[in-house]
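Here the sequence shown stands for residues 11 to 452, where the numbers follow the working numbering.
Working notes, beginning with the structure itself.
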Amino acid sequence: MKLNLGLELNQSQKLILTKQLKQSLDILNMSMYELEEIINKENEENPIIEVEKKENLDWEKYIEYIRDTKYQEINYSQNKEQNYNIENIIKYNISIYEHLKNQINYYNIDKKSKEIVEYIIDCLDENGYFKGDICEISKKFGISDENVLKNLKIVQSLEPSGVGARSVKECLLIQIKEKQIKSDVIENIIKEDLNLIANKKYKDICKKYKITPEKCRKILEIIKTLEPKPGRKYSFFENNYIIPDVIVEKIGDKYEVYLNDTNIPNIKINKFYQEILKNSQKDDEAKEYIKEKLNSAINLIKNIESRKNTILRISKEIVKHQMDFFEKGNKYLKPLILKDIAIDLGIHESTVSRGINGKYMLTPYGLFELKYFFSGGIDIASTSIKNIIKEIISFEDKKKPYSDSKICSLLKEKNINISRRTVAKYREELGIPSSTKRKKIC
Numbered sequence: 011m012k013l014n015l016g017l018e019l020n021q022s023q024k025l026i027l028t029k030q031l032k033q034s035l036d037i038l039n040m041s042m043y044e045l046e047e048i049i050n051k052e053n054e055e056n057p058i059i060e061v062e063k064k065e066n067l068d069w070e071k072y073i074e075y076i077r078d079t080k081y082q083e084i085n086y087s088q089n090k091e092q093n094y095n096i097e098n099i100i101k102y103n104i105s106i107y108e109h110l111k112n113q114i115n116y117y118n119i120d121k122k123s124k125e126i127v128e129y130i131i132d133c134l135d136e137n138g139y140f141k142g143d144i145c146e147i148s149k150k151f152g153i154s155d156e157n158v159l160k161n162l163k164i165v166q167s168l169e170p171s172g173v174g175a176r177s178v179k180e181c182l183l184i185q186i187k188e189k190q191i192k193s194d195v196i197e198n199i200i201k202e203d204l205n206l207i208a209n210k211k212y213k214d215i216c217k218k219y220k221i222t223p224e225k226c227r228k229i230l231e232i233i234k235t236l237e238p239k240p241g242r243k244y245s246f247f248e249n250n251y252i253i254p255d256v257i258v259e260k261i262g263d264k265y266e267v268y269l270n271d272t273n274i275p276n277i278k279i280n281k282f283y284q285e286i287l288k289n290s291q292k293d294d295e296a297k298e299y300i301k302e303k304l305n306s307a308i309n310l311i312k313n314i315e316s317r318k319n320t321i322l323r324i325s326k327e328i329v330k331h332q333m334d335f336f337e338k339g340n341k342y343l344k345p346l347i348l349k350d351i352a353i354d355l356g357i358h359e360s361t362v363s364r365g366i367n368g369k370y371m372l373t374p375y376g377l378f379e380l381k382y383f384f385s386g387g388i389d390i391a392s393t394s395i396k397n398i399i400k401e402i403i404s405f406e407d408k409k410k411p412y413s414d415s416k417i418c419s420l421l422k423e424k425n426i427n428i429s430r431r432t433v434a435k436y437r438e439e440l441g442i443p444s445s446t447k448r449k450k451i452c
């Protein structure tokens with residue numbers, strides 16, 4: 011047997027994640043509060059660093075300034091006579107109740123229905139579940155139980171998905187409907203066998219529904235994406251103020267985007283240690299220590315500046331893509347995915363993801379998490395279009411209701427290009443009869 015020995019060269023590319031790059035990615039991913047903690051920690055551990063706290067912004071003067079100037083140029087969907095309390099948005103003590111009631115301002119419902127819906131919202135617990143009594147509400151407002159349930163459905167159509175449910179089952183079923191997940195198996199598991207999932211009896215699920223372990227695994231992954239407590243993400247903020255990372259103001263005909271870094275301390279290099287490094291002739295160990303700490307401080311400063319720049323660039327692109335939202339309001343939110351922003355800025359999708367994580371934008375319509383402006387696909391897009399269809403129909407001449415073709419044309423005028431068949435599908439999903447039936451009802 012002949013043995014051949016040889017040397018073969020292979021060229022390959024590997025991404026080596028340096029300590030500086032890792033810190034840069036971590037800092038970009040952090041919220042403002044997390045970054046402040048890191049800076050304070052570094053200040054304690056690194057003698058090279060001097061942290062200078064910025065003067066606190068005089069919020070009262072800032073609020074008056076905005077109220078008297080910039081924000082007067084904006085047309086709100088709310089009552090123009092109401093006092094727009096910007097303070098509650100800039101340093102906003104978010105609760106599930108305020109979040110839901112704010113959304114109701116965009117619904118075309120009469121005064122009494124709004125009062126009922128807001129009362130139902132007040133009957134929710136901190137996790138977003140409805141704990142009221144249908145009969146008591148019907149008596150209080152002098153309406154039928156069916157009418158109460160109709161208004162409860164409005165609450166259940168709000169964000170976060172699953173809010174207003176009366177049980178975990180109903181909560182999860184609302185979410186799969188909202189996400190357009192069409193699977194009888196998933197629906198039946200939610201209705202009948204959540205206990206099997208809780209007890210990890212996956213073999214029993216496979217046996218009952220005659221599915222393979224792989225199919226079962228995929229179903230479980232889908233169910234795990236659902237939120238059994240839709241209100242809990244707001245409970246964290248009950249005793250915490252949120253300060254926006256970016257502020258959007260309308261100046262003339264343009265929207266200006268500003269970085270709000272008032273809560274991020276300034277970092278300076280202690281000159282005393284720099285002088286020691288320059289002048290020290292001996293003690294290599296001390297010099298090495300100072301060099302290490304100096305590099306650590308410089309890298310931290312660079313990474314914070316990089317974070318600021320990336321967040322600002324992403325925010326400007328969001329405003330550019332969602333201009334209809336800023337001009338017309340919530341219903342005109344367009345489908346937007348991370349890839350869209352990544353391509354425009356020439357950066358990776360993961361960079362966009364880190365740049366929007368835990369970051370907030372103050373807009374003329376209130377405070378929004380940057381993630382709010384991303385649809386992740388068809389779900390929010392279809393919801394927004396449905397809201398617009400609902401609005402179009404609410405303003406039609408009841409004696410001459412719009413056909414699906416006419417609605418399709420009106421949507422095209424708003425730069426929404428969908429087929430007549432899709433209009434019919436969305437209309438039916440909204441529970442709105444055809445134009446012929448609407449005319450008969452009239």
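We put the CB at the ideal spot given by N, CA and C, even for glycine.
Closest by C-alpha distance to residue i, when choosing among the options
| i | options | result |
| --- | --- | --- |
| L355 | I366, Y436, E169 and R323 | R323 |
| S404 | R437, L183 and I257 | R437 |
| K278 | G262, I300, A307 and K297 | A307 |
| N305 | R227, Q284, K122 and S415 | Q284 |
| R430 | L440, E423 and S419 | S419 |
| K260 | V329, N50, K210 and T432 | V329 |
| P275 | E52, L31 and A175 | E52 |
| S122 | E359, E406, N157 and D143 | Here residue 122 is Lys; the residue named in the question, Ser, does not match the sequence. It is N157 whose Cα lies nearest to the Cα of K122. |
| P170 | E202, K243 and T222 | K243 |
| R176 | S148, D143 and L45 | D143 |
| N9 | E202, K217, E298 and E60 | Since the first residue of the chain shown is 11 and the last is 452, residue 9 is not available in this structure. |
| K449 | V165, Q166 and E406 | E406 |
| K369 | K32, S41 and E298 | S41 |
| N427 | I119, G172 and I399 | I399 |
| M333 | S148, I130, K424 and E401 | K424 |
| E337 | Y265, K297 and E146 | Y265 |
| E298 | T28, D194, I58 and L31 | I58 |
| P238 | I402, S445 and L204 | L204 |
| E2 | E180, K29 and A434 | Look at the range of the chain in this structure, 11 to 452, and you will see that residue 2 is not part of it. |
| E401 | S445, N50, G172 and I119 | I119 |
| K32 | T361, L421 and G339 | T361 |
Own chain residues within Cβ distance below 6 Å of residue i, not counting five before or after
| i | result |
| --- | --- |
| N89 | The predicted model places N89 with a pLDDT of 34, which falls under 50 and marks its position as unreliable, so this point remains unresolved. |
| G241 | I106, E136, N137 and G138 |
| L236 | L182 and Q185 |
| Y212 | C226 |
| F246 | Residue placement at F246 is flagged as unreliable, the pLDDT there being 49, under the threshold of 50; a coordinate-derived value is accordingly withheld. |
| K326 | V267 |
| L343 | F335 and S394 |
Beta-bridge partners of residue i, as assigned by DSSP
| i | result |
| --- | --- |
| L31 | Per DSSP, none; premise fails for L31. |
| V256 | L269 and M371 |
| F241 | Going by the sequence as given, residue 241 is Gly instead of Phe. G241 is not bridged to any residue. |
| G376 | T373 |
| V362 | Paired residue(s): none; V362 is not in a bridge. |
| N276 | E62 |
| I261 | K264 |
| L134 | F140 |
Neighbourhood of residue i by C-beta distance below 8 Å, restricted to the same chain and skipping five residues each side
| i | result |
| --- | --- |
| E91 | Low confidence applies to E91: its pLDDT is 34, below 50, so where it sits in the model is not reliable enough to give any reading. |
| I199 | L206, I207, I215, Y219, I229 and I233 |
| K141 | C133, L134 and D135 |
| E46 | N273, I274 and P275 |
| N56 | K303, S306 and A307 |
| T222 | C216 |
| L168 | L110, Q113, I114 and G174 |
| E439 | K396 |
Same chain, Cβ closer than 7 Å to residue i, neighbours up to 5 away in sequence not counted
| i | result |
| --- | --- |
| N112 | G376 |
| N85 | Any reading at N85 needs caution, since the residue's pLDDT is 33, under 50, leaving its predicted position unreliable; the model's value is listed next. Closer than 7 Å at Cβ, skipping near neighbours: no residue. |
| D294 | none |
| H358 | A352 |
| C145 | D155 |
Integer Cβ distance of residue i from residue j, believed to fall under 8 Å
| i | j | result |
| --- | --- | --- |
| K341 | S394 | 6 Å |
| F384 | L346 | 5 Å |
| V256 | N270 | 6 Å |
| L380 | S363 | Rounded, the Cβ-Cβ distance is 10 Å, inconsistent with contact. |
| I300 | L310 | That pair is no contact at about 16 Å. |
| G455 | I321 | Nothing about residue 455 can be read from this structure; the chain reaches only from 11 to 452. |
| I131 | V165 | 6 Å |
Residue-chain proximity (residue i, chain C), Cβ-Cβ < 9 Å
| i | result |
| --- | --- |
| N313 | You won't find chain C in this structure, because it holds only one protein chain. |
Using 8 Å as the Cβ pair cut-off and three pairs as the minimum, do the stretch 189–196 and the stretch 138–155 touch? no
Whether or not the stretch 362–376 and the stretch 401–412 are in contact is what I'm after, with contact meaning three or more pairs of Cβ atoms, one per stretch, closer than 8 Å; do they touch? no
Are there three or more Cβ pairs, one per stretch, closer than 8 Å when the stretch 36–56 is compared with the stretch 313–327? Yes: at least three Cβ pairs fall under 8 Å.
Is there contact here, the stretch 122–131 with the stretch 159–177, by at least three beta-carbon pairs under 8 Å? yes
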